Each structure stands twice: as structure tokens, then as C-alpha cells.
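Take a look at the structure below.
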Amino acid sequence: MFYIGLATFLLVTDHVQRPYLQYSAKRWSLITGLRGYLSSAFFVMGFKVLAPLLAAFVMWPLLGVAGVVSVGPYLTGCLVQFIFEKVLEKRQSSCWPLVPILFEVYRLYQLSKAMHFMEKLMFQMRGLPKSPELMEKSGALAAMIVTFEVLALVCIWSFLTFIQRLFPSRPVAENY
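Under my numbering, the first residue of the sequence shown carries the number 410, and numbering increases by one thereafter.
If you want it as C-alpha cells, here you go:
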């Protein structure tokens, strides 16, 4: 539902803004052309995709489907964001800055839901008798929660970096 609503919102926004705001490759290059921004963005996005994949892969023997269920929506969101960005770039839409902003906020929501899911699984194991298998599973759940917390910090950092580049200081803004 979120992706359908977002697509509708972006379609309406593009339709309304198109007569007034033109797509500016110069403005986009001012954001991405700053020293270190592109390499940092590629590194962060790679980390945001590879870390949950690696965590789910490593924890698969202990968590099974629960690990995939916790990272699936997050990774789907990363893929959908990439698709939205490519479509808006192809259409030369002026509402392109909305996509990273909205997806980073939604990604934080997805991570909080994944952490809540892992915590619920931990609480379900609370009354069970202690065994080595139970201890390994609880350790795997804790590792997934820590992974999601680190990803949340990286997402916040990525979000703030994008906002900082989108609204640059006065000397850079004069180059528009």
C-alpha cells in the first residue's frame, strides 16, 4: 500500500510541479558532484543492502524463515527505491529529491518493525527451559537486533547527509 500511495503521490506531484519546476541536471550534479559524496553514497547503500543479507544468511540455520521475514520488507524497499529513482530520472521529474527522503523515513519504520518482530520472538522464548539451542537462537535474535540498530544509525546518517546536500550553504546555492 505504501508503494502504491507513494507512486500516486509522486505522479500527482510531478504533474503539478512540471509547469513550474524543471528538472535540473546542474542542481543534481551540485549535490552528487561534491567531493566524496558519490563514493560515500555507494558505500552506504552497499552496506545497507549487504549487511541485512549477510545477517540473514549467517543466521539462517538458527532463525530460518524468521530471519528472511525480518529483512525481506527492508530489502524490498531498497529495490523499490532504486526503481522509483530510475523512473523519475527517465521522466526527468523535478520531484526526484522526495524519493530518498521518503524512503529513508520509511526504511527507519521498517527497521523498527523488524526489531519489534525479533523482540517478540525473544519474549516468546522467555519461559522455555534453558538449552544450548535456545541460547544460540536467542544470541542470533540479539545479533539481528544489533544489525537493525546499526542499519538504523546508517540510515539516519544517510538521510541527514542527503538533506545537507539538498539544502546547501549560501555560496553553493548561488551557483544554481
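The beta carbon of each residue, even a glycine, is placed where N, CA and C say it ideally should be. The structure presented is a predicted model; accordingly, all values stated were derived computationally and were not measured.
Around Tyr412, the same chain offers Val489 as residues with beta carbons nearer than 6 angstroms, after the five sequence neighbours per side are excluded. By the neighbour-count definition (other C-beta atoms within 10 Å, threshold 16), Met410 is an exposed residue. With contacts defined by Cβ atoms closer than 8 angstroms, Glu513 and Ser567 form a contacting pair. In the structure shown, Trp469 adopts helical secondary structure according to DSSP, grouped into three states. Going by DSSP, Lys499 is part of the alpha helix (DSSP H) stretching over Val474 to Arg500. The C-beta of Leu562 has fewer than 16 other C-beta atoms within 10 Å across all chains shown, which makes the residue exposed. If you draw a straight line from the Cα of Leu471 to the Cα of Thr485, it is about 23 angstroms long. Lys546 places its beta carbon less than 8 angstroms from that of Met534.
Taking a cut-off of 8 angstroms on C-beta distances, the stretch 549 to 557 touches the stretch 450 to 468, as three or more cross pairs fall below it. Residue state for Met410 is assigned as coil, using DSSP reduced to three classes.
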